[in-house]
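K.L.:
Be aware that the sequence shown starts at 1425, since it is given in this note's numbering, and climbs by one per residue.
By construction, the Cβ of each residue, glycine as well, lies at the ideal position given by its N, Cα and C atoms.
Before we start, here is the structure in question, set down as structure tokens.
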Amino acid sequence: MSSSLDQRTAPAPEGSRPTPLPRRTRAYALSEVRWALAALGLFLLAVPPYLLGGPAWLWGALFAGAYATGGWEPGREGLKALRERTLDVDLLMVVAALGAAAIGQVLDGALLIVIFATSGALEAVATARTADSVRGLLDLAPATATRLLADGAEETVDAGLLVVGDTVLVRPGERIGADGEVVGGASEVDQATITGEPLPVAKETGDEVFAGTVNGTGALRVRVGREPSDSVIARIVRMVEEASRTKAPTQLFIEKVEQRYSVSMVLATLAVFAVPLAFGDDLTSALLRAMTFMIVASPCAVVLSTMPPLLSAIANAGRHGVLAKSAVVMERLGQVDAVALDKTGTLTEGTPRLTDVRPLPGTGLDADALLRLAASAEHPSEHPLARAVVDAARERGLALAPADAFAATPGRGVTATVEGRRIELGSPARLLPDTHHARVHPHPDTRPAHPDTHAAHPEADHARVQPENDPAPLVRELEEAGSTAVAVLRDGEPVGVLGVADRLRPDAAATVAALTRLTGRAPVLLTGDNERAARRVAGRVGITDVRAGLLPEEKVAAVRAWEAEGRRVLVVGDGVNDAPALAAAHCGVAMGRAGSDLALETADAVVVRDELAAVPAVVALSRAAHRLVVQNLVIAGAFIAVLVAWDLFGTLPLPLGVAGHEGSTVLVGLNGLRLLRSAAWPRPARS
């Protein structure tokens, strides 16, 4: 993977933006894909005349073409490894295919070549897609920025040319062009790409902002604090590339064994041929014995001991919504002994939802009437909390009234006239009287609370509330339950409180318990969200080790520290900020529904249906595949041992040797295919 990332990312001078490159590599542009398609096409053309008894020159030429096109790339890589005194599996596969053809098994050899070429092509496509996503991440940072000059004038400049100390103007809806500090203005900023927080965060003078995050409804003046080449987004790009380059080279278990075995087999075959000759045996007899030995001792059954179980596991997982990108990934999933989970979008749904509607007594409003007023006022707003309120009203089938005189003030809230009444929605700390709501802290997920739902009318701060209609107890109850409280006022008087929260996935607790049973230790929560929100979610799912407020590089540092202790870490996440950790981990799994492109391409596996319970299920399936691999190795080893002993100490007829060799190959193949059964999929964790 490193070579692809290195070759396909355009170099850029320090402090400047990289040269734009095509954002999506076409699969056909890769030589591995072209060779594999050619081999597959020739193979499919050769099979009918071969099976129907057609002319040998026809199917022979087509099979030869399939051997040449499919074996070109792996053969070349194998020869390179051979020059470095390594017997690579690429070369072994080509030799095995040629050996099959030499003893008349032309179809079998060609099929092996096609399968191996296709596997290499899929790996090349996955590598190219990862490189594309890394380059695409640079698009999060805007190409230009509005720089403010000393005389107050504005100029549009390349964002890559900003220097520390420059002041830039960020208008509503724009992406922030550089990491820095707010020196003027107030707004809310969606920084989920960096921290993973589910809701926009209010920003005012003195607060830190990051390049690539999206400004809300207010204008900000930002003093640049880091060079563009050192921004958080730029560091994420570098971390993903570095993790891809430095991640330990992976091999299937059988490939590690096979290299030693194959060298031993080659040497033993030469000995079986040479030793009898040295003691006076005739050439034909010695050659026949050596050929029989080479056939019965060849690693075909050993090779097939691994691939069918793993490929069957991949197919079964795919049917249940988990895409494992290679056989190596499927093997690695079963090796994990520690798990790190993201919070927003992984343990939670990642989208704010209305959880409570609490009208105050004596207001004449029931829950539906209160929700209808609130949704009517919030309808023009684009804030995530506003969308949660409006969506809930629509789900209940409530008809919204037109909203007039709508106003949204960053850091304050929204007001609107609905059916002749002034409706205000916002943070209780802003809207409710100080005498009744002195210090009710906003829900930590908002830090501070909904910046689009604070009242724009200061007279509301002095509204009088009757003790029996005091909303403060409701606010405290909702916030202690983990929701963001939104106060609703009508003509300056509180009429109710809404609760909005990023809901926990229904299978989150059961998934954590299942992963704990599989690995022997409870998962760890790694999140960019604040600690109070993280600990509340962790407590509900049974996680005690919580690492909150982490930037992407800090997540990577945590994963590498565990790996240094000898742990094999599985990271589960969905955002851009999770991608470096996904790349650095022993195995990374991305949640598919809301996962960022970078996370989906960087991860080793993707939960396509977004079912968190599928994570422990696929880990258990991988372990089942490993058990079948061990069974197959025992079967293959037993066959080889018996046949080799027969050939060395007796007279093993060549046809019988071929039959025994092919029989063991078929047997281990069928045994591995057992994982294709639906019943082989572990029952998912349930709440």
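1) Give the single residue among A1985, R1650, R1945, E1977 whose Cα lies nearest to the Cα of G1966.
2) Quick one: is R1960 buried, meaning 16 or more other Cβ sit within 10 Å of its Cβ, or exposed?
3) Output yes or no for whether 9 Å exceeds the beta carbon distance between A1737 and S2046.
4) What's the C-alpha gap between L1795 and A1817?
5) Under DSSP, the beta strand (DSSP E) around K1627 begins and ends at which residues?
6) How many angstroms separate the CA atom of A1880 from the CA atom of T1940?
7) Identify whether V1457 lies in helix, strand or coil by the three-state DSSP scheme.
8) If I measure Cβ to Cβ from L1486 and keep anything under 6 Å in the same chain, skipping five residues before and after, which residues do I get?
9) Cα separation between V1781 and D1790?
10) Determine the contact status of T1772 and A1658, defining contact as a CB-CB distance below 9 Å.
11) Would you report the Cα separation of E1598 and T1637, rounded to the nearest angstrom?
12) Relative to the alpha-carbon of V2013, which residue among L1856, G1758, A2049, A1526 has its alpha-carbon at the smallest distance?
13) Please identify the residue among R1777, A1825, E1819 whose C-alpha is closest to the C-alpha of A1798.
14) Please confirm if the region 1693-1706 is in contact with the region 2039-2054, defined as three or more CB-CB distances below 8 Å between the two stretches.
15) From the DSSP output, which residues share a beta bridge with R1647?
16) Taking all protein chains shown into account, do 16 or more other C-beta atoms lie within 10 angstroms of the C-beta of E2035, making it buried, or fewer, making it exposed?
17) Assuming V1760 and V2043 make a contact with CB atoms under 8 Å, what is their CB distance in whole Å?
18) Alpha carbon to alpha carbon, how far is S2102 from V1995?
19) What's the call for T1908, buried or exposed, on a 16-neighbour Cβ count within 10 Å?
20) Just checking my contact of V1538 with A1602 at CB under 8 Å: how many whole Å lie between their CB atoms?
21) Nearest to E1651 by alpha carbon, out of A1635, R1914, R1645, N1639?
22) Whole angstroms are fine: how far does the CA of D1654 sit from the CA of P1897?
23) Using the beta-carbon count (16 or more within 10 Å), is F1703 buried or exposed?
24) Whole angstroms is fine: what's the gap from A1492's alpha carbon to V2032's?
25) In chain order, what residues of the same chain lie with their CB nearer than 6 Å to the CB of A1545, ignoring the 5 residues before and after it?
26) In its own chain, which residues sit with a C-beta less than 7 Å from the C-beta of V1518, not counting the 5 before and 5 after it?
27) Beta carbon of R1914, beta carbon of T1787: below 9 Å?
28) If you check the beta carbons only, do A1764 and S1800 fall under 9 Å apart?
29) In the DSSP assignment, find the alpha helix (DSSP H) that holds I1967 and state where it starts and stops.
30) From the DSSP output, in three-state form, read off D1869 for me.
31) Compute the distance between the beta-carbons of A1972 and L2006, then report whether it is under 9 Å.
32) In its own chain, which residues sit with a C-beta less than 6 Å from the C-beta of W2105, not counting the 5 before and 5 after it?
33) Check the C-beta distance from A1541 over to A1463 and give it rounded, since I have them as a contact under 8 Å.
34) Count the other CB atoms within 10 Å of the CB of G2074; is the residue buried (16 or more) or exposed (fewer)?
35) For L2094, collect the residues of the same chain with a Cβ closer than 7 Å to its Cβ; drop the 5 residues on either side in sequence, then sort them by chain order.
36) Quick check for students: name the residue ranges of the beta strand (DSSP E) that lie wholly in the region 1683-1714, counting only runs of 3 or more.
P.N.:
Quick look at the numbers:
1) The option with the nearest alpha carbon to G1966 is R1945.
2) Buried.
3) Their beta carbons are under 9 Å apart, which means A1737 touches S2046 by this criterion.
4) Between L1795 and A1817, the C-alpha separation is close to 6 Å.
5) First-last of the beta strand (DSSP E) with K1627: 1625-1627.
6) With a pLDDT of 35 at A1880, under the threshold of 50, the predicted position of this residue should be treated as unreliable, though the coordinate-derived value follows. A1880 and T1940: Cα-Cα distance of roughly 49 Å.
7) Looking at V1457 - three-state DSSP - the assignment turns out to be helix.
8) For L1486, where only same-chain residues beyond five positions count, the Cβ hits under 6 Å are L1466, L1469, A1470.
9) Going from the Cα of V1781 to the Cα of D1790 covers about 9 Å.
10) No Cβ-Cβ contact shorter than 9 Å links T1772 with A1658.
11) The alpha-carbon separation between E1598 and T1637 amounts to approximately 9 Å.
12) Among L1856, G1758, A2049, A1526, the Cα nearest to that of V2013 belongs to G1758.
13) Minimum Cα distance to A1798 is reached at A1825.
14) These segments do not touch.
15) T1591, E1605, per the DSSP bridge assignment.
16) So E2035 ends up on the buried side.
17) So it is a contact: roughly 6 Å between Cβ atoms.
18) One alpha carbon belongs to S2102, the other to V1995, and they sit about 26 Å apart.
19) It counts as buried.
20) 51 Å between Cβ atoms; not a contact.
21) Taking only the C-alpha atoms, the option nearest E1651 is A1635.
22) Their backbone Cα atoms lie some 46 Å apart in a straight line.
23) With fewer than 16 other Cβ atoms inside 10 Å of its own Cβ, F1703 counts as exposed.
24) Within the model, the alpha-carbon separation for A1492 versus V2032 is close to 37 Å.
25) A distance below 6 Å between beta-carbons, with the five flanking residues on each side excluded, links A1545 to the following residues of its chain, in chain order: E1456, V1457, A1460.
26) Once the five neighbours on either side are set aside, the close Cβ partners of V1518 are G1495, P1498, G1499, G1502.
27) Cβ atoms of R1914 and T1787: closer than 9 Å.
28) No, these two residues do not count as a Cβ contact at 9 Å.
29) Neither: I1967 is in no alpha helix (DSSP H) and is coded neither H nor E.
30) Interpretation of D1869 is limited by its pLDDT of 38, a score under 50 that renders its predicted location unreliable; the figure taken from the coordinates is listed afterwards. Three-state DSSP puts D1869 in coil, outside helix and strand.
31) Contact flag unset, no.
32) Counting only Cβ-Cβ distances below 6 Å, and skipping sequence neighbours, we find N1740, H1744.
33) Between A1463 and A1541 the Cβ distance is about 5 Å, and since that is below 8 Å, they are a contact.
34) Burial call: exposed.
35) Nothing listed; no residue qualifies.
36) Entirely contained in the region 1683-1714, not one beta strand (DSSP E) run reaches 3 residues.
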